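One structure below.
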Amino acid sequence: MIDFTKSIKPTFEAQVTAALMIQTNALIPIKLAARLCGISRQEIDRRVHNGTFPKPHKLSGKKRSMRKAFYLSEIHDWIRDPKNYRRIEDAEQSTGSFADGDEFQHLE
């Protein structure tokens, strides 16, 4: 007879962990973000600089060993539509919207 408890338990634990991470909007390290998105850490840095990837949050104050992490919900938004993703603050700056809905034009 096949013992399904051994094969089901790790899968179930992984599903529970993933659900909890999503519900709590967990911070995930850049290495995990790269794996989830299917792109390299260098590509993440490039896209962050261009405003086409969520902005990382700094976990430590030391400049030499600064660790970056991303909110899982922001990574999920990027995964849903990577080609059209723009960070919220970048999108607001490009449209020039105010909180009350009025708009203005950038003078350059």
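If you use our numbering, the sequence shown corresponds to residues 3 to 110, in order. Where a beta carbon is used, it is the ideal one built from N, C-alpha and C, also for glycine. Remember, predicted model here, so these are calculated numbers, not experimental data.
L29 sits in a strand when the DSSP states are folded into three classes. According to the DSSP assignment, R82 belongs to the alpha helix (DSSP H) that extends over L74 to R82. Using a 10 angstroms sphere on the CB of I90, the tally of other CB atoms stays under 16, which defines it as exposed. Looking at P56, R48, F72 and R37, the one whose alpha-carbon comes closest to that of T26 is F72. The residue among P12, Q17, K60 and N52 with its C-alpha nearest the C-alpha of P31 is K60. T13 and E45 have their C-alpha atoms spaced approximately 30 Å apart. DSSP, reduced to helix, strand and coil, places K60 within a strand of the structure shown.
Between the alpha carbons of I77 and Q17 lies a distance of about 18 Å. Leaving aside the five residues that flank D79 on each side, the residues in its chain whose CB is nearer than 8 Å to its CB run, in chain order, P56 and Y87.
In the DSSP assignment, R49 falls within the alpha helix (DSSP H) that extends over R43 to N52. K70 has K60 as its beta-bridge partners, per DSSP.
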